[in-house]
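S.K.:
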Amino acid sequence: PGAGPSASGWLAGLLDGLLVEPADDAARGGGPRPVLSVPVPGRDGVLGLLVVADAPAGGGEGLDDDDVDLVVEVARRLGLSLASARLHEQQHLLAEALQRSMLPEQPHVPDLDVWSYYVPSADHAQVGGDWFDVMTPGPDAVGLVVGDVVGHDIEAAAAMGQLRSVVRAYAHEQEEPGTVLMRVDQLVAGMRIRRSASLLYARLEDLGDGTWEVSWSRAGHLPPVLVQAGRARALSGGEGVLVGVGDRPRSTAVVEAGPGDVLVLCTDGLVERRSRSLRDGVAALVEACEGAWGTDAAGTGEHLLEVLGDVPEDDLAVVVVRVPGPAPTRPGPRRRRWQLPGDPGSVARARRKASRLGRLWGLPSTAQAELVVSELVGNAVLHGWGPVGLRLQHDERGLLVEVDDANPAPPGVVAERREGPGGFGLHVVERLSDWGWRHSGTGKTVWARLPDQPSTAGGGRG
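Reminder that position 435 of the sequence shown reads as 451 in my numbering, one-by-one numbering, no gaps.
(1) Helix, strand or coil for Gln190 per DSSP?
(2) Buried or exposed for Val67, going by 16 or more other Cβ atoms inside 10 Å?
(3) Inspect the beta-carbon positions of Asp156 and Asp225 and report whether they are closer than 8 Å.
(4) If we ignore side chains and look at the alpha-carbon of each, how far apart do Arg375 and Thr382 end up?
(5) Can you give the beta carbon distance from Pro340 to Leu128, rounded, assuming they're within the 8 Å contact cut?
(6) Beta-carbon within less than 7 Å of Arg365's beta-carbon, same chain only, minus the 5 sequence neighbours each way: which residues are those?
(7) Which first and last residues belong to the alpha helix (DSSP H) in which Trp309 is found?
(8) Rounded to whole angstroms, how far is the Cβ of Val183 from the Cβ of Val204, which I believe are closer than 8 Å?
(9) When we look at the beta-carbon of Ala141 and count the other beta-carbons within 10 Å, is it buried (16 or more) or exposed?
(10) What residue range is occupied by the uninterrupted alpha helix (DSSP H) comprising Leu376?
(11) Could you tell me whether the Cβ atoms of Gly500 and Ser214 are closer together than 8 Å?
(12) Just tell me which of Leu63, Leu448, Pro153, Asp164 has its CA closest to the CA of Val259.
(13) In this structure, how does DSSP classify Gly438 when only helix, strand and coil are distinguished?
(14) Taking Ser390 as part of the alpha helix (DSSP H), name the residues at either end of that continuous run.
(15) Would you report the Cα separation of Val445 and Leu387, rounded to the nearest angstrom?
(16) Use the C-beta contact count for His124: other C-beta atoms within 10 angstroms, 16 or more gives buried, fewer gives exposed.
(17) Go ahead and pull the three-state DSSP assignment for Thr316.
(18) Grouping DSSP H, G and I as helix and E and B as strand, with all else coil, what is Ser97?
(19) Which of the three DSSP states is assigned to Arg184 in this structure?
(20) Applying the 10 Å Cβ sphere with the 16-neighbour rule, what's the burial state of His104?
(21) Can you look up Arg295 in the DSSP assignment and give me helix, strand or coil?
(22) Excluding the 5 residues preceding and the 5 following Gly297 in the sequence, name in chain order all residues of the same chain whose CB lies nearer than 6 Å to its CB.
(23) Please report the straight-line C-alpha distance between Leu416 and Arg454, rounded to a whole angstrom.
(24) I need the boundaries of the beta strand (DSSP E) containing Glu272, first residue and last residue.
(25) For chain B, is any of its Cβ atoms less than 8 Å away from the one on Gly260?
(26) Just reading off the beta strand (DSSP E) that Val68 is part of, what are its end residues?
(27) Can you tell me which of Ala304, Arg59, Leu65 puts its alpha carbon nearest to the alpha carbon of Leu52?
(28) Are Trp147 and Ala313 closer than 8 Å when you measure CB to CB?
(29) Can you tell me which residues form a DSSP beta bridge with Gln178?
(30) Please classify Met176 as buried or exposed, where buried requires at least 16 other C-beta atoms within 10 Å of its C-beta.
(31) Hey, would you say Ser231 sits closer than 8 Å to Pro193, going by beta carbons?
(32) Which first and last residues belong to the beta strand (DSSP E) in which Leu408 is found?
(33) For Arg338, does the count of other Cβ atoms within 10 angstroms reach 16, so buried, or fall short, so exposed?
(34) To the nearest angstrom, how far is it from the Cα of Thr461 to the Cα of Glu391?
(35) How many angstroms separate the CA atom of Gly459 from the CA atom of Gly394?
(36) Can you confirm whether the region 240 to 247 touches the region 195 to 212 when touching is taken to mean that 3 or more C-beta pairs between the two stretches lie within less than 8 Å?
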């Protein structure tokens, strides 16, 4: 069913040798027969072969011309179903690639501490319409965007890409967020984007004395949350209808953020649950932000995900910004997570992330961590399904590496050397760490724990 054009051509040639006449003509005539083989047609060639046999134990007299008509019709409908499934899978992968290309890598802003994260919902594990963006629209300004397009398909991803580009363009042209969203409304009305979307745009401008002016406007989106001196509040003002709905003016709200203050922007996937209202979800977000006070931006973000977003029911995008100031009063959790596309380039990305984080945390040996991360992510890309989740956590027991993918099958280990690639990387992981795996809600998680003291022998697959 997953064969490409070349494989389909090979199969068609093979069947031509077996069925000299056209399939339905060759199958008819000549009296009943015990076995019938009929090609399964697809849009671009033969997808497979449907073989039907009259079981001898049934005492039947064989398959006659009426049976042939039925089997040919079943093969035709099966081919349509398989072709449609292949087309859906191709569109899904295209939408995922389009969306991933629009999401920035972990942004680096010289004068601010910025952390960001995106993950699709558990029910739509590869694509969604949520996005975030971090930009520098001016020499002393930073622009933050979070948005949510309805849907989980290529149309939602395409609409997200269009909106992201439009917001970026107007953010560099206009300073006031309300004006930016008004210009976006005007352009979207002419573009006839059929998916509804919410959006929050915030602009932070350096006032030169360690204080930043925060201005924002929101189109049907959740309010930003500001944490000051350990107290968090959802910021009021700047509200408006969804993007492109109506032609009313947009408003802009303004507040100042000082050293140590934290600003949180997110989509509703972080707070919305079937078991509670959106209002209660925002209240839970405010409470969680207060619980993270005193850590850096990454510590705040990880705390929010741990408390609110471990199993999101919708796509989730979060941006956390901390204004530089006094050193954090308590260390943030040594825990980081990323969602990576399921392609070979993710292996190098994961290795770089492990290397940077190992240096940041002062790990005694980053080389072993890089090797284990590379092997586990490489296995997930090669044998898993969909995007790859990577989590790193360091505590008194050492470094814990966890890699998620949507394939529930256990990781395979090659016991003895054989021809062909694969399976040997886990031997390397076993020599360097204790490792194992477990089923997750959407597939599996493979984990490895490396002690802080370099090791040459692992403990197995518990």
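We put the beta carbon where it would ideally sit given N, CA and C, even for glycine.
M.R.: If we stick to the structure as given:
(1) Under the three-state reduction of DSSP, Gln190 is assigned to coil, being neither helix nor strand.
(2) Here Val67 is exposed, its C-beta having fewer than 16 other C-beta atoms within 10 Å.
(3) no
(4) 7 Å
(5) 7 Å
(6) Leu356
(7) That residue, Trp309, is in no alpha helix (DSSP H); it is neither H nor E in DSSP.
(8) About 10 Å separates the CB atoms of Val183 and Val204; that is not less than 8 Å, and the two are not in contact.
(9) Note that Ala141 scores a pLDDT of 46, beneath 50, so its modelled location is shaky; the value from the coordinates is reported in the next line. Buried.
(10) 361 to 377
(11) Because the chain in this structure spans residues 17 to 478, residue 500 falls outside the shown range and cannot be described.
(12) Asp164
(13) Note that Gly438 has pLDDT 47, beneath the 50 cutoff, so the model's placement of it is unreliable and the number below is only indicative. In the three-state scheme derived from DSSP, where H, G and I count as helix and E and B as strand, Gly438 is classed as coil.
(14) 382 to 399
(15) 8 Å
(16) exposed
(17) helix
(18) If DSSP states are grouped into helix, strand and coil, Ser97 belongs with the helices.
(19) helix
(20) exposed
(21) helix
(22) Val287, Glu288
(23) Distance from the CA of Leu416 to the CA of Arg454, rounded to the nearest whole angstrom, comes to 14 Å.
(24) Note, Glu272: beta strand (DSSP E), 269 to 273.
(25) Reference to chain B is not applicable here, since this structure consists of a single protein chain.
(26) 62 to 69
(27) Leu65
(28) no
(29) Gln178 pairs with nothing; no bridge assigned.
(30) buried
(31) The Cβ atoms of Ser231 and Pro193 lie closer than 8 Å to each other.
(32) Per DSSP, the unbroken beta strand (DSSP E) holding Leu408 starts and ends at 404 to 411.
(33) buried
(34) One Cα belongs to Thr461, the other to Glu391, and the distance between them is close to 14 Å.
(35) Looking at the two C-alpha atoms, the distance is approximately 16 Å.
(36) no
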